[in-house]
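**Q** Residues 1 to 99 in the UniProt record's numbering are what the sequence shown spells out, letter by letter. Can you read through this structure? Questions will come right after.
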Amino acid sequence: MPDRLPPRGAIIDTIESALRSILVTDLFVETPADRIGPDDRLRAELGLDSLGFVELRVQAENTFGVTISDADFTPANFTSIRSVAELVRDLQARSQATT
1 MPDRLPPRGA IIDTIESALR SILVTDLFVE TPADRIGPDD RLRAELGLDS LGFVELRVQA
61 ENTFGVTISD ADFTPANFTS IRSVAELVRD LQARSQATT
């Protein structure tokens, strides 16, 4: 019997928490992690610039063991913590489906 995945919401919450930590610890976003909402805009509200988005991509790939293709590295997928978390979860699910 294959291992069951935790509920999607629990996975997204875990990914969002890790992404908040990356933003504060590695990308030096000034907003405290516990005050970053899942729908806060990464550019407009948290001040991420183009280099910050590239760094977030790399950190997400390293942290979650996924590869974010150029096709997936879009403004729509990198609008907020939630959008990045959903992308990561989808990439993890695709990876598990092919293994």
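Cβ coordinates follow ideal geometry from the N, Cα and C atoms, glycine included.
#1: Grouping DSSP H, G and I as helix and E and B as strand, with all else coil, what is residue 50?
#2: Out of 11, 88, 18, 91, state which residue places its alpha-carbon closest to the alpha-carbon of residue 33.
#3: Identify, in the order they occur along the chain, each residue of the same chain with its Cβ nearer than 7 Å to the Cβ of residue 38, setting aside the five sequence neighbours on each side.
#4: With DSSP collapsed to three states, give me the class of residue 17.
#5: Could you tell me how far apart the beta carbons of residue 63 and residue 22 are, in whole angstroms, since I believe they sit closer than 8 Å?
#6: Per DSSP, which residues does residue 41 bridge with? Please list them.
#7: Relative to the C-alpha of residue 129, which candidate in 95, 89, 97 has its C-alpha closest?
**A** Let me lay it out:
#1: In the sequence shown, counting from the first residue as 1, residue 50 sits at position 50. The answer is helix: DSSP assigns residue 50 an H, G or I state.
#2: Reading the sequence shown from its first residue, position 33 is the one you call residue 33. Cα-wise, what sits closest to residue 33 is 18.
#3: Taking the first residue of the sequence shown as position 1, residue 38 is located at position 38. Excluding positions up to five away in sequence, the list reads 16, 80, 81, 82.
#4: Sequence index remark: in the sequence shown, residue 17 carries index 17 (1-based). In this structure, residue 17 counts as helix in the three-state DSSP scheme.
#5: Along the sequence shown, read from residue 1 onward, the residue named residue 63 stands at position 63. Along the sequence shown, read from residue 1 onward, the residue named residue 22 stands at position 22. Between residue 22 and residue 63 the Cβ distance is about 7 Å, and since that is below 8 Å, they are a contact.
#6: If you number the sequence shown from 1, residue 41 lands on position 41. Bridge partners of residue 41: 80.
#7: What is shown of the chain runs 1 to 99, which leaves residue 129 out entirely.
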